[in-house]
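This report concerns only the one structure given below.
Residue numbers (our numbering): 1 to 357.
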C-alpha cells in the first residue's frame, strides 16, 4: 500500500520555503494578475503547477478508491473506475498553486461519462463554491482532476483524451481562463512508489503549436511509445512540482525515520525498464555533447562555449556513473542479505564448519 515511508521519498525534493511562498494569500496580487490577463499574449503563460502534498495525497487516495471499487465489481473481476474531483488554490505569476483537492461522487468509465455526469459535477462545483464564499475562504476552485487507472507500462498514463481536451477547453472558456486539469495515474503511483500525476491546459481556439512537438515540449517522434491522446496539438503540459508545509515535513520525517533503510533496500531501479530507457537516452545525450565539443575544438569557434559544453557532458557522465554504481551496490547488499553471500568470503559459513557444528 501507499505508506508514509514511501510517500516520504518525495519530501527531500519538495520546496522547503513553501510556508511563505505558497500558503501566504495575496488577494491584490491575484486581482492584478487576473486584470492583466497575460495568457492573451502568451497561451502558455502558466508553465508550472505546484501541488501541495495534502492535495496530491487526497487525489491519489480518491483515485485508489476508484480502483478498488471497480475491481470489486463482477465478483472481483471488474476493471478500475475513473474518478474526478475539484482542486482548490490560486494563480500566482506563471504558476497554478493547488492547495487542496475535493473528491466528487462521480466515477465510471470514460465511455460512460455522459452529459448527466457533467451536469452533476457542475452542480456540486457550484454548491462547493457557494459554501467556500460563505465561510470566507480566500482560495477558490482552480481546476479539476481525474484518474487514468490504466495498465502500468514504460510511460505513464498522464495525458488528455479527446473528451478531456473538450471538457478542459469548455471550462477555460466558461468558468475561468486559468482553469487547470490534473491527471492521476494511480496504478503507476503504487508500482513506482511516487506520485505520478501531470497538469495540463488547453490551447485557445485557433492556436497552432510547432509541428512534431508533444504537450510536454519533447519530440513526438523521439517518444513514439508515449500516448498523448487523439489531439496532442490542442493542449500542453505544465511542469509539476510538489511542496509541503514545515509542519507536514517534520511529521513525515518522524514517520519515515525508522523505516528509511527498508525503503532503500526494497526499491530497485536497475531492473526497471523505464529507468533503463532513461539512462540510455542520457548516455546518448552525453555522447552527442562530447562528440560535438570535440568536433568544434578542431575549428576556431567559441572555445568558451565548447568548453562549457564539454564540462557539462563530463558532469552528466559522472552523475550517471555514480547512480549506476549506487544501484549496483544496493543490489549486491540485497543479494547478500536475502540470498546469502556467494562471493566465497568469510561472511559465508563453509561446508566444513557446518559439519563440525
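Note that the Cβ used here is the ideal one computed from N, Cα and C, for glycine as well.
- As summarised for the stretch 148-202, the continuous alpha helix (DSSP H) elements at least 4 residues long and confined to that stretch are 162-174 and 186-192, given in chain order.
- In this structure the stretch 45-64 lies against the stretch 233-248, because at least three pairs of beta carbons, one per stretch, are closer than 8 Å.
- Of the candidates 123, 69 and 90, the residue whose Cα lies closest to the Cα of residue 108 is 69.
- With the rule of 3 Cβ pairs closer than 8 Å, the stretch 209-216 does not count as touching the stretch 174-183.
- Residue pairing of residue 323 in beta bridges, as defined by DSSP: absent, with no partner found.
- For residue 72, the CB contacts under 8 Å within the same chain, skipping 5 residues up- and downstream, are 78 in chain order.
- Separation of the CB atoms of residue 89 and residue 139 is rounded to 6 Å, and the pair is thereby assigned contact status at 8 Å.
- Shown here for residue 120: same chain residues with a beta carbon closer than 7 Å to its own, the five before and five after excluded, namely 106 in chain order.
- In the DSSP secondary-structure assignment, residue 49 is bridged to 96 and 240.
- Unbroken beta strand (DSSP E) stretches of 3 residues or longer found wholly inside the stretch 33-91: 48-52, given in chain order.
- The straight-line gap separating the alpha-carbon atoms of residue 81 and residue 64 is approximately 9 Å.
- Cβ neighbours of residue 102 within its own chain (closer than 7 Å, five residues either side excluded): 85, 86, 88 and 128.
- Collapsing the DSSP output to three states places residue 141 in a strand.
- Here residue 226 is buried. Its C-beta has 16 or more other C-beta atoms within 10 Å.
- Close CB contacts of residue 29 within its chain, under the 7 Å cut and outside five residues either way in sequence, are absent.
- The residue among 320, 154, 158 and 203 with its C-alpha nearest the C-alpha of residue 283 is 320.
- DSSP places residue 219 within a strand segment (E or B) once states are collapsed to three.
- Inclusion of residue 203 and residue 91 in the CB contact set at 8 Å is not warranted, their separation being larger than that value.
- Secondary structure of residue 121 (DSSP, three-state): helix.
- The alpha-carbon separation between residue 32 and residue 74 amounts to approximately 53 Å.
- Around residue 157, the same chain offers 148, 150 and 185 as residues with beta carbons nearer than 6 Å, after the five sequence neighbours per side are excluded.
- With fewer than 16 neighbouring CB atoms inside 10 Å of its own CB, residue 136 falls in the exposed class.
- Straight across, the Cα-Cα distance linking residue 57 with residue 97 is about 15 Å.
- Its chain contains 87, 98, 99, 100 and 101 as the residues whose beta carbon lies nearer than 7 Å to that of residue 55, once the 5 sequence neighbours on both sides are disregarded; these appear in chain order.
- C-alpha of residue 292 to C-alpha of residue 220: approximately 24 Å in a straight line.
- Buried is the label assigned to residue 104, since at least 16 other Cβ atoms lie within 10 Å of its Cβ.
- Here residue 143 is buried: its Cβ has 16 or more other Cβ atoms, across all protein chains shown, within 10 Å.
- With a 10 Å radius around the Cβ and a threshold of 16 neighbouring Cβ atoms, residue 34 comes out exposed.
- Approximately 5 Å separates the beta-carbon atoms of residue 229 and residue 160; this is inside 8 Å, confirming the contact.
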